[in-house]
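Colleague: I'd like to ask you about the structure that follows.
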Amino acid sequence: MEPVDRRDFIKTVAGTAAVASLEGRGAVAAEAGPVFLSTWIWGKAANERAAEVLKGGGSLLDAIEKGINIPENDPNVMTVGYGGLPNAEGVVELDAAIMDGTRHRAGSVCNLHMIKNPISVARLVMEKTRHTTLAGEGAFRFALKMGFEPQTLLTPQSLQKWQEWKADPHHKTFWLSPDNHDTIGMVGTDGKGHFVAGCSTSGSAYKIPGRVGDSPLIGCGVYADDNVGAASATGDGDLMTNYCTSVSIVHLMARGASPQDACMELLRHMVKTDPQNKDGGVAVIAMNTRGEIGAASMNEAFHLKYALWRDGQSQLLDSVKLI
């Protein structure tokens, strides 16, 4: 795939999206089957729960929300929800976003504390307010008003890890290791032309309090458009925010790129603009209206294992690496 000129790209998105609407929605109707795609190994259980919810009569929004609730509630997943690794001051701050591809409505929360299911709060921001994003104390008070119960999010294990980090005079900050994938990103279709994307995270371990990565930012961590498809991202959220990864991938698909080609083109663009990005912790997933999927990671050091649910089959797969 040839590199895309940014100005030409922006000019052509609207027209190609309209074409995709006519061609792609018919393709999905022909497929007539839901598909769920999620990042990392814990995405497998999330996908399975999402499929169960959809089969039981729930909406696609219900499916994505309840699917993401699975790793949010799992204390062994130390980068999402309950048991997530805290910021530098020992406080767990959670971010999440969800986007409905039909109406282009979205909801997100940033720096939410003491509430273990930020994806559910994000959905209520979308459905109960005229806002898109709530942050910090405001997000917390909103969650309480919506009936969420505050609780301690640190587990003995995550508290111990923070104490060990704090006690180390040479401790690192703003790092992502192979054990700190920091996100669940999830995209899904009901097989009838509807797409939803969602993302939830506790962010970079031991981050500066108040830091916000790509996950709750619409167009960065998540993006969904029924006319084209959906995408999500995982990894170094500070880096990926600068490239608006998810909306960029969806726009590339609108121009005719397959999900896999769109994911790879986005990573190539990141390296082209700054060669140092080839060492970055970056991985992306995408799905188009034909039910085709894509998954790519920047390098072997941040290799994405992703989950796919289709036709009743749930599996873990390895992403393609750019480098």
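Note that the working numbering has the sequence shown beginning at -2, numbered continuously upward.
Note that the Cβ used here is the ideal one computed from N, Cα and C, for glycine as well.
These numbers come from a predicted model, not from an experiment.
Considering only the alpha carbon of each residue, which of Glu146, His110, Gly234, Tyr79 lies closest to Ala280?
Modeller: On the sequence shown, residue 280 is found 283 positions in, with the first residue counted as 1. With distances taken between Cα atoms, Ala280 lies closest to Gly234.
Colleague: Measuring alpha carbon to alpha carbon, tell me which residue in Ala298, Pro115, Val74 is nearest Glu90.
Modeller: On the sequence shown, residue 90 is found 93 positions in, with the first residue counted as 1. The shortest C-alpha separation from Glu90 is found at Pro115.
Colleague: For a test of your reading of the model: does the CB of Asp223 fall under 7 Å from any non-hydrogen atom of the ligand MG? Yes or no.
Modeller: This structure lacks the ligand MG, and indeed carries no ligand of any kind.
Colleague: In terms of DSSP beta bridges, what is Asp92 paired with?
Modeller: Start at 1 with the first residue of the sequence shown, and residue 92 comes out as number 95. Asp92 pairs with Thr198.
Colleague: Under the DSSP definition of a beta bridge, which residues are partnered with Asp97?
Modeller: Taking the sequence shown and counting its residues from 1, one reaches residue 97 at position 100. For Asp97, which the question treats as bridged, DSSP gives the partners Arg102, Val193.
Colleague: Between which two residues does the beta strand (DSSP E) harbouring Thr372 extend?
Modeller: What the structure shows of the chain is the stretch from -2 to 320, and residue 372 is not part of that stretch, so it cannot be assessed.
Colleague: From which residue to which residue does the alpha helix (DSSP H) around Ala119 run?
Modeller: Here the question's residue 119 lines up with position 122 in the sequence shown. From DSSP, the alpha helix (DSSP H) with Ala119 extends over 115 to 125.
Colleague: Please say whether Cys217 and Asp223 have beta carbons closer to each other than 8 Å?
Modeller: Start at 1 with the first residue of the sequence shown, and residue 223 comes out as number 226. Start at 1 with the first residue of the sequence shown, and residue 217 comes out as number 220. Not in contact: Asp223 and Cys217 (Cβ atoms no closer than 8 Å).
Colleague: The alpha helix (DSSP H) spanning Ala164 covers which residue range?
Modeller: As a first step, residue 164 must be located in the sequence shown, where it is residue number 167. It spans 153 to 164 - the alpha helix (DSSP H) in which Ala164 sits, taken as one unbroken run.
Colleague: If you compare alpha carbons, which of Asn70, Ala93, Asp308 is closest to Thr180?
Modeller: As a working note, residue 180 is residue 183 in the sequence shown. Looking at the Cα atoms, Ala93 is the closest of the given residues.
Colleague: Under the assumption that Ile333 contacts Ala103 (Cβ atoms under 8 Å), give the Cβ distance between them as a whole number of angstroms.
Modeller: Only positions -2 to 320 of the chain appear in the structure, and residue 333 is not among them; the question remains open.
Colleague: Roughly how many whole angstroms lie between the Cα atoms of Met237 and Ala230?
Modeller: Counting from 1 along the sequence shown, the entry for residue 237 is found at position 240. Counting from 1 along the sequence shown, the entry for residue 230 is found at position 233. Their Cα atoms are separated by approximately 8 Å.
Colleague: How is Phe137 classed by DSSP in three states: helix, strand or coil?
Modeller: As a first step, residue 137 must be located in the sequence shown, where it is residue number 140. Reduced to three states, the DSSP call for Phe137 is helix.
Colleague: Quick check on this structure: which residue in Thr270, Leu151, Ile65, Ile215 has the alpha carbon closest to the alpha carbon of Ser128?
Modeller: Residue numbering aside, residue 128 sits at position 131 when the sequence shown is read from its first letter. As written in the sequence, residue 128 is His, which differs from the Ser given in the question. His128 has its Cα closest to that of Ile215, out of Thr270, Leu151, Ile65, Ile215.
Colleague: Report the residue from Gln257, Met250, Ala283, Ser245 whose alpha carbon sits nearest the alpha carbon of Met267.
Modeller: Your numbering for residue 267 matches position 270 in the sequence shown. Comparing Cα positions, the closest option is Ser245.
Colleague: Any chance the segment 68 to 75 sits against the segment 184 to 193, with 3 or more Cβ pairs inside 8 Å?
Modeller: Counting Cβ pairs under 8 Å, fewer than three are found: no touch.
Colleague: Helix, strand or coil: how does DSSP classify Gly21 here?
Modeller: On the sequence shown, position 24 is the one that residue 21 refers to. For Gly21, the predicted structure reports a pLDDT of 42, less than 50, and the residue's modelled location is therefore unreliable. A value from the coordinates is still provided. It is helical.
Colleague: Where Gly87 and Asp315 are concerned, what is the direct C-alpha to C-alpha distance, given to the nearest angstrom?
Modeller: Indexing the sequence shown from 1 puts residue 87 at position 90. Indexing the sequence shown from 1 puts residue 315 at position 318. The straight-line gap from Cα to Cα measures roughly 33 Å.
Colleague: Do you know offhand how far Lys269's Cα is from Gly54's?
Modeller: To locate residue 269, count along the sequence shown from 1; it is residue 272. To locate residue 54, count along the sequence shown from 1; it is residue 57. One C-alpha to the other measures close to 46 Å.
Colleague: Return no unless some Cβ of chain B is closer than 8 Å to the Cβ of Ser201.
Modeller: Here chain B cannot be found, since the structure has a single protein chain.
Colleague: Entirely within the segment 210 to 240 and at least 4 residues each: give me those alpha helix (DSSP H) ranges in chain order.
Modeller: Here the runs fully enclosed are 234 to 238.
Colleague: Check Met295 in the structure and name its three-state DSSP category.
Modeller: Sequence index remark: in the sequence shown, residue 295 carries index 298 (1-based). Coil.
Colleague: Taking Cβ positions, are Thr130 and Pro213 nearer each other than 8 Å?
Modeller: As a first step, residue 130 is located in the sequence shown; it is residue number 133 there, counting from the start. As a first step, residue 213 is located in the sequence shown; it is residue number 216 there, counting from the start. For Thr130 and Pro213, yes; Cβs fall inside 8 Å.
Colleague: Label Ala164 either buried or exposed according to how many other C-beta atoms from any shown protein chain fall within 10 Å of its C-beta, with 16 as the threshold for buried.
Modeller: By 1-based counting over the sequence shown, the position of residue 164 is 167. Exposed.
Colleague: From Ala140 to Val118, what does the alpha carbon distance come to, in whole angstroms?
Modeller: Position 143 of the sequence shown, counting from 1, holds the residue named residue 140. Position 121 of the sequence shown, counting from 1, holds the residue named residue 118. The alpha-carbon atoms of Ala140 and Val118 are separated by roughly 6 Å.
Colleague: Are the Cβ atoms of Leu150 and Gly81 separated by less than 8 Å?
Modeller: The residue given as residue 150 occupies position 153 in the sequence shown. The residue given as residue 81 occupies position 84 in the sequence shown. Cβ atoms of Leu150 and Gly81: closer than 8 Å.
Colleague: Please list, in chain order, all residues of the same chain as Lys158 whose beta carbon is under 7 Å from its beta carbon, the five residues on each side excluded.
Modeller: As a position in the sequence shown, residue 158 is number 161, starting the count at 1. Correct list, in chain order: Leu82.
Colleague: According to DSSP, simplified to helix, strand and coil, what is Gln273?
Modeller: Numbered from its first residue, the sequence shown carries residue 273 at position 276. In the structure shown, Gln273 sits in a helix (DSSP, three-state: H, G or I).
Colleague: Keeping to the same chain, check which residues put their C-beta closer than 8 Å to that of Met143; ignore five residues upstream and five downstream.
Modeller: Within the sequence shown, numbered from 1, the residue matching residue 143 stands at position 146. Excluding sequence neighbours, Met143 sits near Val118, Leu121, Lys125.
Colleague: May I ask you to list the residues that DSSP assigns as paired with Lys318?
Modeller: The residue given as residue 318 occupies position 321 in the sequence shown. Lys318 is bridged to Ser294.
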